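Residue numbers (this note's numbering): 6 to 605.
Glycine residues also receive a C-beta, built at the ideal position from the N, C-alpha and C atoms.
The structure presented is a predicted model; accordingly, all values stated were derived computationally and were not measured.
Scroll down for the structure; my scribbles are underneath it.
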Ligand code: C2E
Ligand code: CA
Ligand code: CA
């Protein structure tokens with residue numbers, strides 16, 4: 006096919022320019038012994054038209070249209086200067102030029118309309134034979150550029166490229182699901198707003214938004230509904246924004262609104278939050294049913310002490326988390342004191358992860374006794390001896406581990422360690438019958454493979470299920486009830502006992518209780534402690550005991566600290582006890598010693 010003909014075809018769209026060039030190059034290669042020659046086509050303002058798409062010219066023996074240019078000519082001053090000079094002249098007057106720069110040799114051919122063809126050789130100078138061999142391509146491209154640029158063909162390539170870049174930009178700055186700006190975008194906008202606020206001496210604000218009951222919706226109605234809800238929420242939050250405001254989805258069910266300029270004449274910040282709450286108040290229509298949601302808001306105003314967007318976001322997050330911790334559906338302003346708190350939590354989180362394999366964690370046992378003070382078993386309670394902070398209470402670190410999910414590996418370790426203790430106890434005739442209770446966090450229990458995990462730990466430690474009791478809280482049981490029942494039944498099949506911890510503080514739903522295969526209720530400490538002085542608590546304890554009796558459940562009172570409470574609890578019909586009055590939680594060795602059993 007004659008070159009001329011091919012150009013016509015190419016312009017008509019039948020043959021791709023690149024296919025054509027490739028074919029020519031391989032033809033030219035046959036006359037050459039050159040190892041590799043790179044070919045770039047430069048247009049004004051954009052990079053190599055070929056580079057992004059040429060794939061299969063990597064073979065070193067061929068002319069290559071490289072995917073990644075080994076040397077970027079735009080970075081080489083000599084070439085840049087020449088290009089600048091050329092662009093000021095009439096291209097018809099330009100002559101091909103050689104340039105040597107660093108290790109590379111370049112041959113530049115002026116095309117038209119500012120396009121330049123650059124032949125690039127690394128290390129080895131371009132021989133005249135190479136330049137001659139490539140001349141048909143050069144000529145071809147010269148005429149191609151002339152015609153194509155006139156007809157906008159190459160321009161459209163440029164456009165395609167620009168569009169692709171814009172698209173990439175969009176993907177980088179937007180959230181997949183909702184199409185809203187994402188965290189990256191927001192961070193840039195906050196930084197801009199921060200700078201402007203400092204220079205203009207005004208205030209801006211960030212409102213951190215976290216939906217309150219989203220997880221429940223996701224769990225109960227499925228992810229598709231959850232996704233749809235997030236889209237609807239995003240749409241609503243983005244409605245009627247004032248110019249300059251940015252609403253972004255940060256991930257999950259977290260959003261944030263940037264108010265770059267809090268103008269005294271405009272709505273106050275509180276009014277903005279109110280309008281956000283109003284937007285969320287109306288039910289969201291999904292195919293299933295209308296959904297009602299609420300949210301927690303963390304507010305922070307800048308500029309303050311913070312240096313950048315990331316710390317502003319963190320402040321919003323911290324304030325929002327405080328709302329969550331104190332009952333949701335509210336708003337809080339960030340205060341530096343919250344920071345210290347968050348820092349401490351952050352530190353504990355990091356240290357915890359490193360400590361799990363070491364001996365900083367230990368289990369203590371607190372015996373559970375009957376009315377005659379005979380030990381029936383014990384609850385294991387984790388203790389953390391931090392190398393610098395000293396003793397850290399589980400009340401401080403379990404909640405962090407639950408939030409971050411670290412409770413899952415940690416809980417597994419605890420169960421493992423508890424079973425090791427059981428194995429030791431089973432070596433003593435006096436303690437062989439003890440049942441050991443282990444606290445199980447909701448997140449751990451809801452792991453899909455929870456039962457399998459328990460199985461494998463029992464098998465590894467050679468301990469019978471009947472020696473194990475799992476303490477669950479009421480809130481664990483309310484989530485996904487069908488699955489909970491299934492899991493509990495599976496555990497019961499293995500003779501594992503199940504007790505409900507802190508009973509009386511949660512929902513105490515009778516209907517659930519009736520359906521759940523539970524063995525025991527643990528009356529919360531708050532009722533047991535001082536029960537002999539409180540008529541209210543007595544009534545509650547009595548009711549719990551009566552109800553347990555009807556469902557055939559055992560009852561244990563925990564937090565028994567003195568004889569008066571104990572006697573009163575006995576009167577009310579309670580027959581198992583746990584508390585400082587009998588034993589404090591302590592390491593196994595110590596406990597066996599105090600029971601005069603000696604350690605094995
Ligand atoms: P909990 O499960 O309700 O554990 C009972 C808590 O009451 C223990 O505190 C225990 O030391 C304390 N206690 C026992 N008797 C008395 C008493 O007579 N008076 C008073 N004032 N307190 C008494 P601890 O060990 O600090 O644990 C606190 C909470 O941390 C536990 O509450 C439990 O929710 C959690 N926790 C502790 N160990 C573990 C564990 O291994 N796994 C999980 N998931 N949570 C744990
Ligand atoms: Ca417990
Ligand atoms: Ca408890």
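Indicate whether residue i and residue j have their beta-carbon atoms separated by less than 8 Å.
| i | j | result |
| --- | --- | --- |
| residue 185 | residue 254 | yes |
| residue 233 | residue 291 | yes |
| residue 328 | residue 322 | no |
| residue 507 | residue 478 | yes |
| residue 553 | residue 560 | yes |
| residue 222 | residue 296 | yes |
| residue 320 | residue 305 | yes |
| residue 472 | residue 431 | yes |
| residue 318 | residue 261 | yes |
| residue 455 | residue 492 | yes |
For ligand 2, is there a heavy atom less than 7 Å away from the beta-carbon of residue i?
| i | result |
| --- | --- |
| residue 250 | no |
| residue 196 | no |
| residue 384 | yes |
| residue 240 | no |
| residue 566 | no |
| residue 435 | no |
| residue 476 | yes |
Alpha carbon to alpha carbon, how far is residue i from residue j?
| i | j | result |
| --- | --- | --- |
| residue 427 | residue 367 | 15 Å |
| residue 557 | residue 505 | 14 Å |
| residue 172 | residue 257 | 23 Å |
| residue 376 | residue 575 | 7 Å |
| residue 395 | residue 248 | 52 Å |
| residue 371 | residue 381 | 11 Å |
| residue 585 | residue 450 | 28 Å |
| residue 551 | residue 435 | 32 Å |
| residue 425 | residue 299 | 45 Å |
| residue 469 | residue 562 | 26 Å |
| residue 476 | residue 530 | 15 Å |
| residue 461 | residue 178 | 45 Å |
| residue 229 | residue 293 | 11 Å |
| residue 216 | residue 301 | 6 Å |
| residue 193 | residue 509 | 49 Å |
| residue 614 | residue 587 | This structure gives no information on residue 614, because the portion of the chain shown stretches from 6 to 605. |
| residue 196 | residue 344 | 20 Å |
| residue 208 | residue 385 | 52 Å |
| residue 497 | residue 303 | 44 Å |
| residue 115 | residue 104 | 14 Å |
| residue 268 | residue 225 | 43 Å |
| residue 40 | residue 83 | In this prediction, residue 40 has a pLDDT of 40, which is less than 50 and means its spatial position is unreliable; what the coordinates show is noted afterwards. Going by the C-alpha atoms only, they are around 25 Å apart. |
| residue 275 | residue 242 | 16 Å |
| residue 220 | residue 354 | 23 Å |
| residue 595 | residue 521 | 37 Å |
| residue 198 | residue 246 | 16 Å |
| residue 414 | residue 421 | 11 Å |
May I ask whether a heavy atom of ligand 1 can be found less than 7 Å away from the beta carbon of residue i?
| i | result |
| --- | --- |
| residue 445 | yes |
| residue 213 | no |
| residue 398 | yes |
| residue 414 | no |
| residue 419 | yes |
| residue 583 | yes |
| residue 595 | no |
| residue 590 | yes |
| residue 563 | yes |
| residue 320 | no |
| residue 387 | yes |
| residue 503 | no |
| residue 530 | yes |
| residue 236 | no |
| residue 545 | no |
| residue 371 | yes |
| residue 403 | yes |
Tell me, please, whether the CB atom of residue i is closer than 8 Å to any CB atom in chain C?
| i | result |
| --- | --- |
| residue 210 | Looking for chain C here will not work: only one protein chain is present. |
Any residue whose CB is nearer than 5 Å to a heavy atom belonging to ligand 3, listed in chain order: For ligand 3, the selected residues are 506 and 507.
Ranges of the alpha helix (DSSP H) found wholly within the stretch 302-332, counting only runs of at least 4: For the stretch 302-332, whole alpha helix (DSSP H) runs of length 4 or above, ordered along the chain, are 314-330.
Secondary structure, beta strand (DSSP E): runs of 3+ residues fully inside the stretch 388-443: Runs of the beta strand (DSSP E) lying entirely within the stretch 388-443 and spanning at least 3 residues, in chain order: 395-397.
4 or more residues per run - each alpha helix (DSSP H) lying fully within the stretch 171-210: Those alpha helix (DSSP H) runs which fall completely within the stretch 171-210 and span 4+ residues are 188-205.
Continuous alpha helix (DSSP H) assignments of at least 4 residues falling wholly in the stretch 498-529: Whole alpha helix (DSSP H) segments, 4+ residues: 515-520.
Every unbroken alpha helix (DSSP H) within the stretch 236-307, with a cutoff of 4 residues, ordered by chain: For the stretch 236-307, whole alpha helix (DSSP H) runs of length 4 or above, ordered along the chain, are 274-286.
Completely contained alpha helix (DSSP H) runs for the stretch 331-393, where each covers 4 or more residues: Whole alpha helix (DSSP H) segments, 4+ residues: 341-360.
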